[in-house]
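**Student:**
Residue numbers (our numbering): -12 to 579.
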């Protein structure tokens, strides 16, 4: 017999290659491979396939198609709930780090319903996704590497990529085995198919019998094409998402990862490398004496004139990049350098500590530059974010220094938790509102020479209430400038519509889709509506004039001017007058 098939559908594994009992050579090519069998889904697996589909649809519809609003928060909570219910094991030891990551991700997801700064929301999205991955791998006990080391990041990557794509075969194999063993799912689908013709007859009759049901069906029918696209996307996502879950639940406790062989550098090479870097930084420190002692002034360029603004602007971002590079360099040296009797050479520790401490010095200098920058130009979202990032770097460096001299102390977990908590807290602080409030108060107290109302309008909807407060101040120039920006806010916002009545204009907005609700945006709309409705004739005329200019012409943001097109083939330029806070006619040009 030339194969191992006994014609009963059973395959036998070929003899072992090194069989001591048989001295004959075995030709393995004559034997068919063992057929891989997949276990059918358990009842819980089958239920959660459909729950995963629902969660995927919510993520597509509520989040992907409706942006960073309350819909995203709801969709993430649904996904988090499905994940926890499926992977949670009673009696199993729970990792505190992973539970804290899960809690921080829930807190971070709540900010999407409260604030609408696009940059903050984009950064929060990636943070929530990362914390979610740590939560999933933790509650499923799938860490292979030490959780306190940076190597745990490789576990997360392998878990997301390897388990998701590698587990697809098991998911489809188990689904196929389930369909052969249990016909309930197929029968349920058949029942749904039989019901469709009856629904085609029943639904029109119900529509004719009731107005409320008619309105509901019309609304669904109007968006049926979008819903079909969303459902198709959810169907495409579900196998990957459930594969990620299924691989965690069905796998045994993760075995320890094999030790890597990345230590290829001689300690001499590492010492030489770090010595060159350290010497360069010592020369840099020597050059800084020119700012403090007249004897070293000759180091500065001949045409250099020291001013606070120049000192605040120059080199800040370069310093930040150098700090990141230093951390990466010291990490690479620590990973790749060979050990002497299982330990890092003391010279490497000292040089690594010097490079790391130099990074601390750079961060302190950079923070001083940022403090001067803020005192001159005021707060902005970018300045607050960068300052927060510098504090996070200090936290990272502190634990990194501790790890250099105490390698067994875990450092990744506290860094992730502290930095994540800082960013979540910053998001809840409503950064746009804080920046607008600070800049206006600093201007009114004399700390800032001017207040940039254009920048305040661009912060986000959270800053609009502060523009309205400024518009009611006694400072006529600042009040006029604030009213200009309120008018531009109305013009640029599609959800705000001017409805002309008999004598005046009132703002009406209507957000029918709850998935797009955002508290900061809703508050801004309501306050603009109240302010515009209660404005005096002079205030109304000023704002309405800009609304007309905006809609009959266009606004040039770079020059801060309006271009008005007339019926006489002319264009009229209205430039901003910083002395009055108004837009005055400055130029008339013939277009043809």
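Glycine is no exception: its CB is placed at the ideal position from the N, C-alpha and C atoms.
From a predicted model like this one, the values you see are computed outputs, not experimental measurements.
#1: Determine the burial state of residue 233: buried for a count of at least 16 other Cβ atoms within 10 Å of its Cβ, exposed for fewer.
#2: Check residue 447 in the structure and name its three-state DSSP category.
#3: To the nearest angstrom, report how far apart residue 503 and residue 58 are at their CA atoms.
#4: Three-state secondary structure (DSSP) at residue 459?
#5: Under a three-way DSSP split, which group does residue 374 fall into?
#6: At 3 residues or longer, and completely inside the region 458 to 532: list those beta strand (DSSP E) runs for me, N to C.
#7: Start and end of the alpha helix (DSSP H) containing residue 334?
#8: Pick helix, strand or coil for residue 284, following the three-state DSSP scheme.
#9: Between which residues of its own chain and residue 583 is the CB-CB distance below 7 angstroms, once the five residues before and five after are set aside?
#10: Under the assumption that residue 516 contacts residue 494 (Cβ atoms under 8 angstroms), give the Cβ distance between them as a whole number of angstroms.
#11: From what residue to what residue does the beta strand (DSSP E) around residue 587 run?
#12: List the endpoints of the continuous alpha helix (DSSP H) containing residue 142.
#13: Would you decide whether residue 264 is buried or exposed? Buried here means 16 or more other CB atoms lie within 10 Å of its CB.
#14: Residue 220 by DSSP, collapsed to three states: which one?
#15: Could you spell out where the beta strand (DSSP E) holding residue 327 opens and where it closes?
#16: Around the C-beta of residue 105, are 16 or more other C-beta atoms found within 10 angstroms, so that it is buried, or is it exposed?
#17: Applying the 10 Å Cβ sphere with the 16-neighbour rule, what's the burial state of residue 505?
#18: Specify the secondary structure class of residue 205 as computed by DSSP and reduced to three states.
#19: Using a 10 Å radius around the Cβ and a threshold of 16 neighbouring Cβ atoms, would you call residue 553 buried or exposed?
#20: Quick check: the Cα distance between residue 408 and residue 270, rounded to an integer number of angstroms?
#21: Rounded to the nearest angstrom, what separates residue 570 and residue 53 at their Cα positions?
#22: With respect to the beta strand (DSSP E) encompassing residue 398, which residues constitute its N-terminal and C-terminal limits?
#23: I need the straight-line Cα distance from residue 231 to residue 39, nearest angstrom please.
#24: Confirm, please, whether the CB-CB distance from residue 62 to residue 46 is below 8 angstroms.
#25: Thinking C-beta only, is residue 507 closer than 8 angstroms to residue 44?
#26: Just checking, does the region 89 to 101 make contact with the region 396 to 411 on the three C-beta pairs under 8 angstroms criterion?
#27: Take residue 157 as the anchor and find which of 499, 235, 564 has the nearest alpha-carbon.
#28: From residue 284 to residue 307, what does the alpha carbon distance come to, in whole angstroms?
#29: Spell out the partners DSSP gives residue 552 in its beta bridges.
#30: Output the distance between the C-alpha atoms of residue 567 and residue 463, rounded to the nearest integer angstrom.
#31: With 16 as the cutoff for other CB atoms within 10 Å, does residue 367 come out buried or exposed?
#32: Specify, as a first and last residue, the run of the beta strand (DSSP E) that residue 543 falls within.
#33: On the three-pair Cβ rule with 8 angstroms, is the region 367 to 384 touching the region 327 to 338?
#34: Per the DSSP calculation, residue 576 is bridged to which residue(s)?
#35: Count the other CB atoms, across all protein chains shown, that sit within 10 Å of the CB of residue 217; report buried if there are 16 or more and exposed otherwise.
#36: Going by the DSSP bridge assignment, what does residue 45 pair with across the sheet?
**Tutor:** Here's the rundown:
#1: In the chain shown, counting from the first residue as 1, residue 233 sits at position 246. Label assigned to residue 233: buried.
#2: The count along the chain shown starts at 1 and reaches residue 447 at position 460. The answer is coil: DSSP assigns residue 447 none of H, G, I, E or B.
#3: Translated into positions along the chain shown, residue 503 becomes position 516. Translated into positions along the chain shown, residue 58 becomes position 71. Answer to the nearest angstrom: the Cα atoms are 6 angstroms apart.
#4: As a working note, residue 459 is residue 472 in the chain shown. It is coil, neither helix nor strand.
#5: By one-based count along the chain shown, residue 374 stands at place 387. Residue 374: helix per DSSP, three-state reduction.
#6: 484 to 487, 492 to 495
#7: One-based indexing of the chain shown puts residue 334 at position 347. That run of the alpha helix (DSSP H) goes 333 to 364.
#8: For the purposes of this step, residue 284 is taken as the residue at position 297 of the chain shown. Note on residue 284: pLDDT 47, under 50, position unreliable in the model; the coordinate value appears next. Residue state, collapsed to three classes: helix.
#9: Past the boundaries of the shown model lies residue 583; the chain is included only from -12 to 579, so the question cannot be answered.
#10: For the purposes of this step, residue 516 is taken as residue 529 along the chain shown, with counting starting at 1. For the purposes of this step, residue 494 is taken as residue 507 along the chain shown, with counting starting at 1. That belief holds up - the Cβ atoms of residue 516 and residue 494 are roughly 4 angstroms apart, short of 8 angstroms.
#11: Because the chain in this structure spans residues -12 to 579, residue 587 falls outside the shown range and cannot be described.
#12: Along the chain shown, read from residue 1 onward, the residue named residue 142 stands at position 155. Where residue 142 is concerned, the enclosing alpha helix (DSSP H) stretches over 139 to 144.
#13: Residue 264 sits at position 277 when you count from the first residue of the chain shown. Buried.
#14: What you label residue 220 is simply residue 233 of the chain shown in a count that begins at 1. Helix at residue 220.
#15: Translated into positions along the chain shown, residue 327 becomes position 340. Premise fails: residue 327 is in no beta strand (DSSP E) and is neither H nor E.
#16: For the purposes of this step, residue 105 is taken as the residue at position 118 of the chain shown. By the neighbour-count rule (16 or more Cβ atoms within 10 Å), residue 105 is not buried but exposed.
#17: Counting from one through the chain shown, the residue named residue 505 turns up at place 518. Burial call: buried.
#18: Position 218 of the chain shown, counting from 1, holds the residue named residue 205. It is helical.
#19: Translated into positions along the chain shown, residue 553 becomes position 566. Exposed, because fewer than 16 other Cβ atoms sit within 10 Å of the Cβ of residue 553.
#20: As a position in the chain shown, residue 408 is number 421, starting the count at 1. As a position in the chain shown, residue 270 is number 283, starting the count at 1. Computed Cα separation, rounded: 38 angstroms.
#21: Here residue 570 refers to the residue found at position 583 of the chain shown. Here residue 53 refers to the residue found at position 66 of the chain shown. Rounded to whole angstroms, residue 570 to residue 53 spans 37 angstroms at the Cα level.
#22: What you label residue 398 is simply residue 411 of the chain shown in a count that begins at 1. Residue 398 -> no beta strand (DSSP E), and no H or E assigned at all.
#23: On the chain shown, position 244 is the one that residue 231 refers to. On the chain shown, position 52 is the one that residue 39 refers to. Those two C-alpha atoms are separated by around 11 angstroms.
#24: Stepping through the chain shown from its first residue, residue 46 is reached at position 59. Stepping through the chain shown from its first residue, residue 62 is reached at position 75. Yes, the Cβ-Cβ distance between residue 46 and residue 62 is below 8 angstroms.
#25: One-based indexing of the chain shown puts residue 44 at position 57. One-based indexing of the chain shown puts residue 507 at position 520. No, they are not a contact pair.
#26: yes
#27: In the chain shown, the residue the question calls residue 157 occupies position 170. Considering only alpha carbons, the answer is 235.
#28: By one-based count along the chain shown, residue 284 stands at place 297. By one-based count along the chain shown, residue 307 stands at place 320. Residue confidence for residue 284 is low, a pLDDT of 47 falling below 50, so the modelled location carries little weight and cannot support an answer.
#29: Position 565 of the chain shown, counting from 1, holds the residue named residue 552. BP columns for residue 552 point to 558.
#30: In the chain shown, the residue the question calls residue 567 occupies position 580. In the chain shown, the residue the question calls residue 463 occupies position 476. Distance between the alpha carbons of residue 567 and residue 463: 7 angstroms.
#31: Translated into positions along the chain shown, residue 367 becomes position 380. When all chains shown are included, residue 367 counts as buried.
#32: One-based indexing of the chain shown puts residue 543 at position 556. That run of the beta strand (DSSP E) goes 540 to 543.
#33: no
#34: Against the chain shown, residue 576 aligns to sequence position 589. According to DSSP, which records beta bridges pairwise, residue 576 is partnered with 558.
#35: Position 230 of the chain shown, counted from the start, is the residue given in the question as residue 217. Answer is buried; the Cβ neighbour count reaches 16.
#36: The sequence position of residue 45 within the chain shown is 58, counting from 1. Partner(s): none; residue 45 has no beta bridge.
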